[in-house]
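J.: First to last, the sequence lines map onto chains H and U.
Per the numbering used here: the first sequence = residues 45 to 748.
Per the numbering used here: the second sequence = residues 45 to 748.
Idealized CB from N, CA, C, for every residue including glycine.
Because the structure is a prediction, the values reported are computed rather than measured.
There are 2 protein chains.
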Amino acid sequence: MLACFKTKFLNPAWLLVVILAQVMLLPLVGGAMINSPSGADSQVPALMPFPASIELTQDKFRIDEKFSAGGQEQPGGRVFKAVARFMFRLSGRTGLFLEQDFLADQAPGPKRSLSYQYEKTGRLIPNEDESYILEISDNRIELRAPTDLGILRGLETLLQLLSADDRGYYFPCGRIEDRPRFTWRGLLIDSCRHFMPLEVIKRNLLAMAAVKLNVLHWHLSEDQGFRVESRTFPELHRLGSDGLYYTQDQIREIIQFASDLGIRVMPEFDIPGHSTSWFVGYPEYASAPGPYRLERGFGVFHPVFNPAHPGTYKFFDRFFREMSSLFPDPYLHIGGDEVEAVHWKENPRIQAFMKKHNLADNHALQAYFNKEILRILTKYKKKMVGWDEIYQPGLPKDIVIQSWRGTQALIDGARRGYQGLLSNGYYIDLCETAERHYLNDPIPPDSQLTEEEKKLILGGEATMWAELVSPETVDSRIWPRTAAIAERLWSPQEVREVNDMYRRLSVISVQLEENGVQHLRNQDLMLRRLAGNSPVNPAEMAALKTLVRISEPVKGYARHSQGRKYTSLAPLTRFVDSCFPESLEAREINRLAEAYVSGRTHQDWKKLKATFDELAAASLLVSSLSGRIPVLREVGPLADNLKELVSIGSRSLSHLASKTKPGPGWLKNQKNRLEEIKKPRAECQLAVIPAVEKLLAALEDKPN
Amino acid sequence: MLACFKTKFLNPAWLLVVILAQVMLLPLVGGAMINSPSGADSQVPALMPFPASIELTQDKFRIDEKFSAGGQEQPGGRVFKAVARFMFRLSGRTGLFLEQDFLADQAPGPKRSLSYQYEKTGRLIPNEDESYILEISDNRIELRAPTDLGILRGLETLLQLLSADDRGYYFPCGRIEDRPRFTWRGLLIDSCRHFMPLEVIKRNLLAMAAVKLNVLHWHLSEDQGFRVESRTFPELHRLGSDGLYYTQDQIREIIQFASDLGIRVMPEFDIPGHSTSWFVGYPEYASAPGPYRLERGFGVFHPVFNPAHPGTYKFFDRFFREMSSLFPDPYLHIGGDEVEAVHWKENPRIQAFMKKHNLADNHALQAYFNKEILRILTKYKKKMVGWDEIYQPGLPKDIVIQSWRGTQALIDGARRGYQGLLSNGYYIDLCETAERHYLNDPIPPDSQLTEEEKKLILGGEATMWAELVSPETVDSRIWPRTAAIAERLWSPQEVREVNDMYRRLSVISVQLEENGVQHLRNQDLMLRRLAGNSPVNPAEMAALKTLVRISEPVKGYARHSQGRKYTSLAPLTRFVDSCFPESLEAREINRLAEAYVSGRTHQDWKKLKATFDELAAASLLVSSLSGRIPVLREVGPLADNLKELVSIGSRSLSHLASKTKPGPGWLKNQKNRLEEIKKPRAECQLAVIPAVEKLLAALEDKPN
């Protein structure tokens, strides 16, 4: 079965539609396709990021123990290692005892199931070619790319294509031509507010590679900690880190590890503000006299470098000389955000310096500082990257401005000829939905930029700020939502169907843990710790899990205003920390309510009723647990809210089923109750409130 | 409430009994104690290893956010770091926002809740003092020890004492005097058959510290891989490891990490056999001509060093000079086990050498080799450790012989004046029960050794051989069972009540994951991967989990004879790998059957029946899954066996309930069926077979 029905499209939702249509028109080999969404899903591989162009047929490349891979790469090379990882993962998922000794021998040959070929070794710089072509026939797979980076990207796509039917595992036949929309697809990891051990960085690099991200933006200095060994200024790490820093050997280890995955490592040293940790060892470069000690709180603080002291620039000259040789990336990020000028105002020498140099205000003073830093970075062949605030007229055009303020700033920058990166809208520490991040486009369709200007927008970065994450929870704040951002940055702009994104996201999320990230598995661990040594029976644990699965941490920065002062020593092990930032279960429940309200089927009614009953039962059990276990005491009110919420939901369902309209007093009363229920408890919100709101709205607007 | 009922005992089971007795006699503060085993359990902290001496009162030291710790240690010191970890863990378990900046300031003072004091810094050598005294009153905790190592051990005990009641968290008041029974309490990790990345070693070191183990025996060379960077002989790691080795910096990092936990790191370089990986780069020191390539299979292989070649000893002189300076431990393990003499026999020069030196047989030749190695080690101030085979008359008395062959060999050694370690009976790779390891005593009560001879038995080591473990599964093979071995090696010989050990083990197991080990949480990850992208509903996943939780991998080395040839590239991601070595759930079911058979209560009958029904339902769902998901196909027969097993169980229950005796033909038939059911399927066995066997036996022997 070689020649076959072929389709070509961009949107995975269309793909689903076409294949479903196909199901109805064509006789099926093996007859395994099931005419239900879930059955159909299993036939449409969950590719993420979705490729630029894809054609699939109904043919299958069958995988057995003879599956082998080969190409031009020698042991030790990037692709050689990537193929070995691919084979381990393929074997891991299928349980097949692959016969090839892929750790030692990947010589090319006509008998190889998978043959790859590339033209040259890709450089880890922006605008390097990462495209690839993947062709799968029923007896051969070919992967070709201009650079080895393309091979790496293609291997990830191929693994995502892995499918199964009654006969075994297979890859669907077809052809994929793929290339990224943006060249800079990053994840910022903040190792400062909470130190992230090496293995956290490594496992997240592997997960990044799985969704084709290519820049680790490593935030390495902050008020709370200076995290790199400096041999030139050893008091930086000795006194500025509580002993929690990366040695230079470890930095090199990470850079090599990332390079093997085709990922750049760009360091950020945030100056002149956000710099308390530097001054513990070197107070002489601060704008106010010391002594300084490490900041434990979170926010924007006063300590700031002294831009009027010539010694400051001598210090940075030596410092950046050292760091420029440690980090090979052509870019170096200097932060530059949120400078508090209090110490500048208080220091008469700085004030005198400003007068002398005609620096009208603090912005001008920071601009002066940045120009000096730029001079130093240029000397050491680094291009400067900074947050919005670094912009000033006259800066060279090879710098990159990273926007935390918004897309408009990015567009304005591009109009002025500056390269930019979007991070506004990708702040994954704010616990917002994947949908919100997904629909946030670095170049909105209505941007009216010229093609030339559009090229200046290099891409974007998800930012994992670490005030409220520990090594144990950080993965669950990054994944799976960052996979949706990865798709936004890689896939064609037109790929933006939200429901289909979520369908694929839930599959990819499970696959990501294969790379070592722990976003799913650590939840149970955290719930077990919350239960402590107390006698908690399985039903109670299940109830706790049910509650955690439909709860979300309060959004944005609201956790800081819930009555507890967070510091870098505060526990991040509570109920709120074990919640996922976005509840996919709640999303399903809310969708179910929507479906019921619009379709009014008895089946949906029953499902919804059962769900409410289950939630009500769970709320009772958790209430009881919270009375017994001190660390869960704060969860009691949340459980009580849930109980009341589902009670409103159930009563609404009764009205809707019996087609009786409740009195206006009742409705008003319930809505008032909902407003109460929406107030955070235990720093969490119930993510299923929209379901009940939809039912109430249905009772109000469209009484049957 | 200061003066209070006090008890003093060794056995934690007695403690339980006495506290239960106390419950009935004394009025209780707060009245929270529940008069049921689980309620009582929550009042008896799960200490493991159980201390040498313990007195607890009913007073409570209440923990709030003002809890603080202080002592003599300066930042960077071993105890300073241990206290910081203690505070993080305490805060993590209780959710308390502790106010002390324990990362910066642990100065002593009268206001400290916890004060510690030690006399001197302990050295990481055998027989160093690890004892401590812990005194908890209702307003103050004092921890004193001769060395800082004792403080580390005491902190772990204190954390295990953490308890909760309605009012909050507390430590029970009392006094613990504790010291280890054996000075050498080790875990062998084999990084060769499967490479174990640095984080695997680190998290297991943390878990070791939690149960007071103090030696990491690091198996670093094998047929399958040479895992240490050698600067003297760089082809060892370059050609002998597939690129999977530890750099010397990483080795030093682990040694420092372990030292901070009071754990020694003893390297093992296994020679003259088990040495294929050395010869890939240096075939000239082998007994047969090369070339050699890395061994992928498992077993005992022919490659062996050439003891007749003078170059061999020059090589080892330089090699051990390098490794002696890299590893500070006074001991160095040379393996010495399982030498195959085939290549010695085939090499005429070696045969001639033997004649010339009057070496009668291969044992004599190995003895010659060992003496030369001993000379080299002595030159570099290392004491030699080796497996049983290294013994020969005339060896100096400061060597240590590690027994994989058995306790008798150890006793024989002690009689001859040699120091010994027990590993026979602690082979945790064999997937045997914690009970079996727990009751295996290095000095059995009937040993008849003199006190002096007993002192020569330094302790023991659990051995995590890595043929069938990956970084993903290795933790579940080590933990929690190794905690039971840790208790055997630390606690008084009289502490050996098995049921109480299991009660405490299940609590400690959950706590261990706080240290990063993943023995519990990775199971779900593995089950999710097994389900793959297939549409698997929650009930099916729950059924799969039910089956996995009552299944165990086949014991001993039987996995190698189940029809698949394992290599270091084989997948370790199948159903069997996701099973725990010992099913604690199955143990409970088997105990329930035992309780029913002896007590014949209707309550036990109902529980057992419900359990069988649940297992039957799960077996049906898994049967269906195994038809749809290729990697689960092998599990179908296991599920079918379970279905039949519980059917026999249920029918037996019916007979027992109705007090009808089945015909002898039926019984015989069922027993024949059980023999069939006992045969491994999917390399697993059903761990609940004993429950049904007990019911059948009851039907047979004691018809009511």
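Which term fits H:Ala189, buried or exposed, when burial requires 16 or more other beta carbons within 10 angstroms of its beta carbon?
T.: It is buried - the Cβ of H:Ala189 has at least 16 other Cβ atoms within 10 Å.
J.: Buried or exposed for H:His646, please, with buried defined as at least 16 other CB atoms from any protein chain shown within 10 angstroms of its CB.
T.: Classification for H:His646: exposed.
J.: When the Cα atoms are used, what is the spatial distance from U:Asp745 to U:Leu466?
T.: Going by the C-alpha atoms only, they are around 41 Å apart.
J.: If I follow the unbroken alpha helix (DSSP H) through U:Arg532, where does it start and stop?
T.: Segment 525 to 534, the alpha helix (DSSP H) holding U:Arg532.
J.: Looking at chain H, is there any beta carbon in it that lies within less than 7 Å of the beta carbon of U:His696?
T.: The question names His, yet the displayed sequence has Ser at residue 696 of chain U. No, because no Cβ of chain H sits closer than 7 Å to the Cβ of U:Ser696.
J.: When DSSP builds the beta bridges, which residues end up paired with U:Pro597?
T.: According to DSSP, which records beta bridges pairwise, U:Pro597 is partnered with U:Cys728.
J.: What three-state label does DSSP hand U:Phe94 in the structure shown?
T.: The answer is coil: DSSP assigns U:Phe94 none of H, G, I, E or B.
J.: Tell me the DSSP bridge mates of H:Gln446?
T.: Bridge partners of H:Gln446: H:Trp431, H:Leu465.
J.: Looking at chain U, is there any beta carbon in it that lies within less than 7 Å of the beta carbon of H:Glu557?
T.: Taking Cβ atoms only, chain U reaches closer than 7 Å to H:Glu557, which makes this a yes.
J.: How far does the alpha helix (DSSP H) with U:Lys415 in it extend, from its first residue to its last?
T.: Note, U:Lys415: alpha helix (DSSP H), 406 to 423.
J.: Whose CA, out of U:Glu678, U:Tyr329, U:Leu203, lies closest to the CA of U:Leu556?
T.: Of the candidates U:Glu678, U:Tyr329, U:Leu203, the one whose C-alpha sits nearest the C-alpha of U:Leu556 is U:Leu203.
J.: How far does the alpha helix (DSSP H) with U:Leu682 in it reach, from first residue to last?
T.: Its alpha helix (DSSP H) spans residues 680 to 702.
J.: Excluding the 5 residues flanking U:Ala253 on each side, which residues of the same chain have their C-beta closer than 6 Å to its C-beta?
T.: Here the set comprises Leu305.
J.: Since U:Leu147 meets chain H, which of its residues come closer than 7 Å, beta carbon to beta carbon?
T.: Within chain H, the residues near U:Leu147 are Asp286, Leu613.
J.: Alpha carbon to alpha carbon, what distance is there between U:Pro216 and U:Val67?
T.: Low per-residue confidence applies at U:Val67: pLDDT is 34, beneath 50, and the placement is therefore not dependable, though the value from the model is reported in the following sentence. Using only the alpha carbons, I get a separation of about 15 Å.
J.: Would you say U:Tyr213 faces chain H, with C-beta separation under 7 Å as the test?
T.: With 7 Å as the cut-off, U:Tyr213 counts as an interface residue toward chain H.
J.: How would you list, in chain order, the residues of chain H whose beta-carbon sits under 7 Å from the beta-carbon of U:Arg565?
T.: Within 7 Å Cβ-Cβ: Arg565, Asn566, Asp568, Leu569.
J.: Do U:Val641 and U:Ala735 have their beta-carbon atoms positioned less than 7 Å apart in this structure?
T.: Against a cut-off of 7 Å, the Cβ pair of U:Val641 and U:Ala735 comes out as no contact.
J.: Return the first residue and the last residue of the beta strand (DSSP E) that H:Thr507 is part of.
T.: Segment 501 to 508, the beta strand (DSSP E) holding H:Thr507.
J.: If contact means a Cβ-Cβ distance below 7 Å, which residues of the stretch 649 to 661 of chain U contact chain H?
T.: Those residues of the stretch 649 to 661 of chain U that come within reach of chain H (Cβ to Cβ, closer than 7 Å) do not exist; the list is empty.
J.: By the criterion of Cβ-Cβ separation under 8 Å, what are the contact partners of U:Ser447 in chain H?
T.: Correct list: empty, because the minimum Cβ distance to chain H is about 34 Å.
J.: Which residues in chain H have a C-beta closer than 7 Å to the C-beta of U:Val259? List them in chain order.
T.: Those within 7 Å of U:Val259 in chain H number zero; the least Cβ separation is about 24 Å.
J.: DSSP state of H:His318, grouped into three classes?
T.: It is coil, neither helix nor strand.
J.: Could you check what DSSP says for H:Phe656 in three-state terms: helix, strand or coil?
T.: Correct three-state label for H:Phe656: helix.
J.: Under 7 Å Cβ-Cβ, which residues of chain H neighbour U:Glu243?
T.: Result: Glu243.
J.: Would you report the Cα separation of U:Met92 and U:Lys256, rounded to the nearest angstrom?
T.: Those two C-alpha atoms are separated by around 9 Å.
J.: Check the Cβ-Cβ distances between U:Phe141 and every residue of chain A, and say whether any is below 7 Å.
T.: Of the chains in the structure shown, none is chain A; the protein chains are H and U.
J.: Is U:Phe277 near the ligand PLP - that is, is its Cβ less than 6 Å away from at least one heavy atom of it?
T.: Of ligands this structure carries none, so the ligand PLP is not represented either.
J.: For U:Arg229, which of helix, strand or coil comes out of DSSP?
T.: It is a strand residue.
J.: Of all Cβ atoms in chain H, is any one closer than 7 Å to the Cβ of U:Lys620?
T.: Looking at the sequence shown, residue 620 of chain U is not Lys but Val. No, U:Val620 lies away from the interface with chain H (no Cβ there is under 7 Å from its Cβ).
J.: Does the pairing of the stretch 646 to 662 of chain H with the stretch 705 to 712 of chain H give three or more beta-carbon distances under 8 Å?
T.: Taking 8 Å as the limit for Cβ pairs, the verdict is that the stretch 705 to 712 of chain H does not touch the stretch 646 to 662 of chain H.
J.: Kindly indicate if chain U contains any beta-carbon less than 7 Å away from that of H:Ser135.
T.: True, the Cβ-Cβ gap to chain U drops below 7 Å.
J.: Check each residue of the stretch 670 to 685 of chain H: if its Cβ is closer than 7 Å to any Cβ of chain U, include it; give the result in chain order.
T.: So the close ones are Ile673, Pro674, Val675.
J.: Give me the Cα-Cα distance between H:His281 and U:Arg480, rounded to the nearest whole angstrom.
T.: Going from the Cα of H:His281 to the Cα of U:Arg480 covers about 49 Å.
J.: Taking the C-alpha atoms as reference points, what is the distance between H:Gly8 and H:Asn414?
T.: Outside the displayed range of chain H (45 to 748) lies residue 8 of chain H, so it cannot be described from this structure.
J.: List the residues of chain U whose Cβ lies closer than 7 Å to the Cβ of H:Val666, in chain order.
T.: Those do not exist, as H:Val666 stays about 16 Å from chain U at its closest Cβ, beyond 7 Å.
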